[in-house]
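*Asks:* For the sequence shown, counting from 1, position 86 maps to 100 in the numbering used here; every step adds exactly one. Note that CB positions come from ideal geometry on N, CA and C, so glycine has one too. Small disclaimer: the values here were computed from a predicted structure and weren't measured.
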Amino acid sequence: MARELKEVQGIIFKRQKYKEADLLAKIMTKENGIITLIVRGALKPKSKLGAATLNFSYGNYVIYTSGHGLSNLRTYKEVRQFDGLYNNLTKNAYASFILDLIDHAFLEYQNLGKYYTLALYAIKKINAGVDPEMITQIVQMQLLAAYGVEPQLKQCVICGKSQGIFDYSIKRGGILCSDHFRVENSRMHLKPKQTAVLRTIGLLPIERLGSIKVSDDTKKATRKAIDRIYRDTIDLNLKTKKFLDELKMFN
Ligand SMILES: [Zn+2]
15 MARELKEVQG IIFKRQKYKE ADLLAKIMTK ENGIITLIVR GALKPKSKLG AATLNFSYGN
75 YVIYTSGHGL SNLRTYKEVR QFDGLYNNLT KNAYASFILD LIDHAFLEYQ NLGKYYTLAL
135 YAIKKINAGV DPEMITQIVQ MQLLAAYGVE PQLKQCVICG KSQGIFDYSI KRGGILCSDH
195 FRVENSRMHL KPKQTAVLRT IGLLPIERLG SIKVSDDTKK ATRKAIDRIY RDTIDLNLKT
255 KKFLDELKMF N
């Protein structure tokens, strides 16, 4: 593909120093997937491009791209910041983890489809003060499909029953009804309420993000369950997750 100028809408989520005063910034875009941009002179004082590519900047960027490898940021239009994320360490850590997790599920320039909308909703909600832990758990449950390990949450993986009392089995990749609790020894031994939360958040329409309220105890249990599901099925070892876990120990 020839190089061309293109306007993309997206969220900046990772920055690192490149050559001299240049910067590499990752942007998660609506139609062109995740792109690494070279931002020339971004680290010079008073650089406008630098200011428009701070973490969690959101807007329209004009890039020069060939659809693979590094692209160049030329200019931008209507860029705003999610200030609530930039100025708050905890919110910042949650948002960074969410975007990092989405980043790892896709190849560069691969269309994110509904996961772009999910990312944007999640970031907006956390920025607005909605419980970031719950938002993150929802994103994690929904993102399993993007990693190719979509869990069966609608019905029992063995008999197809959709109502009743359920547990979760990582080995079976989904929920298990109480008729099979004795025969299936890979189940997680979650409380029915905890499995119900995993089901709800995994199947939740994106527009309803932020409308879920659960008790602190249940939230802790589902956090543990989701961590185990990720460890046993994907095993990513992300620095952003490690940082988030460390941060929680001091809160
Ligand atoms: Zn069953």
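Quick one: does the C-beta of ILE172 sit closer than 7 angstroms to a heavy atom of ligand 1?
*Replies:* Indexing the sequence shown from 1 puts residue 172 at position 158. Indeed, a heavy atom of ligand 1 lies less than 7 angstroms from the Cβ.
*Asks:* Would you be able to state if there are at least three C-beta pairs under 8 angstroms between the segment 118-132 and the segment 37-48?
*Replies:* Because the criterion of three Cβ pairs below 8 angstroms is met, the segment 37-48 and the segment 118-132 touch.
*Asks:* Which whole-angstrom value is the C-beta distance of TYR78 and VAL93, which I expect to be below 8 angstroms?
*Replies:* Taking the first residue of the sequence shown as 1, we reach residue 78 at position 64. Taking the first residue of the sequence shown as 1, we reach residue 93 at position 79. About 17 angstroms separates the two Cβ atoms, so there is no contact after all.
*Asks:* In terms of residues, what are the limits of the alpha helix (DSSP H) holding GLU34?
*Replies:* For the purposes of this step, residue 34 is taken as the residue at position 20 of the sequence shown. Looking at the DSSP string, GLU34 is not in any alpha helix (DSSP H), and its letter there is neither H nor E.
*Asks:* List the DSSP bridge partners of LEU87.
*Replies:* Residue numbering aside, residue 87 sits at position 73 when the sequence shown is read from its first letter. BP columns for LEU87 point to ILE77.
*Asks:* Please tell me whether, using a cut-off of 7 angstroms, the distance from the CB of LYS175 to the nearest non-hydrogen atom of ligand 3 is below it.
*Replies:* Absent from the structure shown: ligand 3. Ligands present: ligand 1.
*Asks:* Roughly how many angstroms separate the alpha carbons of ILE179 and TYR130, rounded to a whole number?
*Replies:* Residue mapping note: residue 179 aligns to position 165 of the sequence shown, counting from 1. Residue mapping note: residue 130 aligns to position 116 of the sequence shown, counting from 1. If I take the Cα positions, the gap works out to 33 angstroms.
*Asks:* Using three-state DSSP, classify LEU258 as helix, strand or coil.
*Replies:* What you label residue 258 is simply residue 244 of the sequence shown in a count that begins at 1. It is helical.
*Asks:* With C-beta atoms as the reference, is LEU99 less than 8 angstroms away from ILE149?
*Replies:* For the purposes of this step, residue 99 is taken as the residue at position 85 of the sequence shown. For the purposes of this step, residue 149 is taken as the residue at position 135 of the sequence shown. Not closer than 8 angstroms, so no.
*Asks:* Pairing CB atoms from the segment 163-180 with CB atoms from the segment 106-115, are three or more of them under 8 angstroms?
*Replies:* No, they do not touch.
*Asks:* Spell out a yes or no on whether the segment 23-37 and the segment 49-68 are touching, meaning 3 or more CB-CB pairs, one atom from each, closer than 8 angstroms.
*Replies:* In short, these stretches touch, since the Cβ pair count reaches three.
*Asks:* Can you tell me whether ASP181 sits near ligand 1, meaning its C-beta is under 7 angstroms from at least one heavy atom of the ligand?
*Replies:* For the purposes of this step, residue 181 is taken as residue 167 along the sequence shown, with counting starting at 1. The answer is no for ASP181.
*Asks:* At a cut-off of 7 angstroms, would you count HIS194 as near ligand 1, judging by its Cβ distance to the nearest heavy atom?
*Replies:* Reading the sequence shown from its first residue, position 180 is the one you call residue 194. Yes, the beta carbon of HIS194 sits closer than 7 angstroms to at least one heavy atom of ligand 1.
*Asks:* Based on the DSSP secondary-structure assignment, which residues constitute the bridge partners of SER200?
*Replies:* One-based indexing of the sequence shown puts residue 200 at position 186. In the DSSP output, where bridge partners are listed per residue, SER200 has none listed.
*Asks:* Please determine, among ALA66, LEU157, SER229, ASN251, the residue with the shortest C-alpha to C-alpha distance to LEU38.
*Replies:* Indexing the sequence shown from 1 puts residue 38 at position 24. Looking at the Cα atoms, ALA66 is the closest of the given residues.
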